[in-house]
Amino acid sequence: GENVEQHPSTLSVQEGDSAVIKCTYSDSASNYFPWYKQELGKGPQLIIDIRSNVGEKKDQRIAVTLNKTAKHFSLHITETQPEDSAVYFCAAGYGQNFVFGPGTRLSVLP
Amino acid sequence: NAGVTQTPKFRILKIGQSMTLQCTQDMNHNYMYWYRQDPGMGLKLIYYSVGAGITDKGEVPNGYNVSRSTTEDFPLRLELAAPSQTSVYFCASTQQGPSYGYTFGSGTRLTVV
Numbered sequence: 063g064e065n066v067e068q069h070p071s072t073l074s075v076q077e078g079d080s081a082v083i084k085c086t087y088s089d090s091a092s093n094y095f096p097w098y099k100q101e102l103g104k105g106p107q108l109i110i111d112i113r114s115n116v117g118e119k120k121d122q123r124i125a126v127t128l129n130k131t132a133k134h135f136s137l138h139i140t141e142t143q144p145e146d147s148a149v150y151f152c153a154a155g156y157g158q159n160f161v162f163g164p165g166t167r168l169s170v171l172p
Numbered sequence: 036n037a038g039v040t041q042t043p044k045f046r047i048l049k050i051g052q053s054m055t056l057q058c059t060q061d062m063n064h065n066y067m068y069w070y071r072q073d074p075g076m077g078l079k080l081i082y083y084s085v086g087a088g089i090t091d092k093g094e095v096p097n098g099y100n101v102s103r104s105t106t107e108d109f110p111l112r113l114e115l116a117a118p119s120q121t122s123v124y125f126c127a128s129t130q131q132g133p134s135y136g137y138t139f140g141s142g143t144r145l146t147v148v
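Protein chains in written order, with this note's numbering: chain A, 63 to 172; chain B, 36 to 148.
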């Protein structure tokens, strides 16, 4: 089955700097790669996703890149703000078979 | 729209007790899911449903049961609670399947003592 690894587990950046979180997956059949943001005491919220036929996708300050050959995908946040502080989860899969990464706790320091 | 609503938000159970975690959605989504979240472990799928009357096991179904009598509701039943079931439980829904993104509820934090 699918296995998703996520690094780093914690990340601290200065406000205004960029943050990058990387995930690797094992199943070459996976074709959908979402990223979720979880704020304290809340459920995860979808912030961006990418499908296997696309290499990069941007939405304002966030972007996701996918390298199918290497089986890894990354979340990029530019010009970080305090409200970006949260736990970020990647996921990979197809059909009903989805696996989440263990999460990255991002802290944006003022 | 309320989205996905979970009750209760917090609960403490004694070993061997039973309880039902409630989940309801008002988006007319066909697909509903139950996940558990343990510290540093990500989200693990317990059960899911692709429509009323249809349920299937996920990765970690032991000790749990579900039913789906209506499109809106997807309750999760814990029988004979064990300390290993201490976790945060999230219900999620999606109209067309996981490949279109989930809408999650705010979670139920369960402690079994």
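Using N, Cα and C, we set each Cβ at its ideal position, and we do this for glycine too.
- Linking alanine 117 of chain B to phenylalanine 160 of chain A through their CA atoms gives a straight-line distance of about 26 Å.
- Taking all protein chains in view, the Cβ of lysine 92 of chain B is surrounded by fewer than 16 other Cβ atoms within 10 Å, so the residue is classified as exposed.
- The bridge partners DSSP lists for methionine 54 of chain B are B:Leu113.
- Nearest C-alpha to leucine 137 of chain A among A:Glu64, A:Ser74 and A:Ile83: A:Ile83.
- Burial of threonine 129 of chain B is indicated by the presence of at least 16 other C-beta atoms within 10 angstroms of its C-beta.
- Taking every protein chain shown into account, the CB of alanine 81 of chain A has 16 or more other CB atoms within 10 angstroms, so this residue is buried.
- Spanning the alpha carbons of methionine 67 of chain B and threonine 140 of chain A requires a straight line of approximately 33 Å.
- Contact annotation: the stretch 50-68 of chain B touches the stretch 134-147 of chain B, with at least three C-beta pairs closer than 8 Å.
- A contact is defined here as three or more CB-CB pairs under 8 Å, and the stretch 68-76 of chain A fails this definition with respect to the stretch 121-129 of chain A.
- Any Cβ of chain B closer than 8 Å to the Cβ of phenylalanine 151 of chain A would place that residue at the interface, and such an atom is present.
- Only Gly75, Met76, Gly77, Leu78 and Tyr83 from the stretch 60-93 of chain B bring a Cβ to less than 7 Å from some Cβ of chain A.
- Proximity of the stretch 161-172 of chain A to the stretch 95-103 of chain B falls short of the contact definition, fewer than three beta-carbon pairs being nearer than 8 Å.
- The stretch 150-157 of chain A and the stretch 91-104 of chain A touch, with three or more beta-carbon pairs separated by less than 8 Å.
- Valine 101 of chain B sits buried, since 16 or more C-beta atoms from the chains shown fall within 10 Å of its C-beta.
- In this structure, the CA atom of arginine 167 of chain A is about 9 Å from the CA atom of phenylalanine 151 of chain A.
- When Cβ-Cβ separations below 8 Å define contact, serine 122 of chain B makes no contact with chain A.
- Per DSSP, the unbroken beta strand (DSSP E) holding glutamine 41 of chain B starts and ends at 39-42.
- Fewer than three beta-carbon pairs drawn from the stretch 109-116 of chain A and the stretch 39-52 of chain B are found closer than 8 Å, and the two stretches are therefore not classed as touching.
- Considering only beta carbons, the part of the stretch 89-118 of chain A lying closer than 9 Å to chain B consists of Asn93, Tyr94, Pro96, Tyr98, Gln100, Gly103, Lys104, Gly105, Pro106, Gln107, Leu108, Asp111 and Arg113, in chain order.
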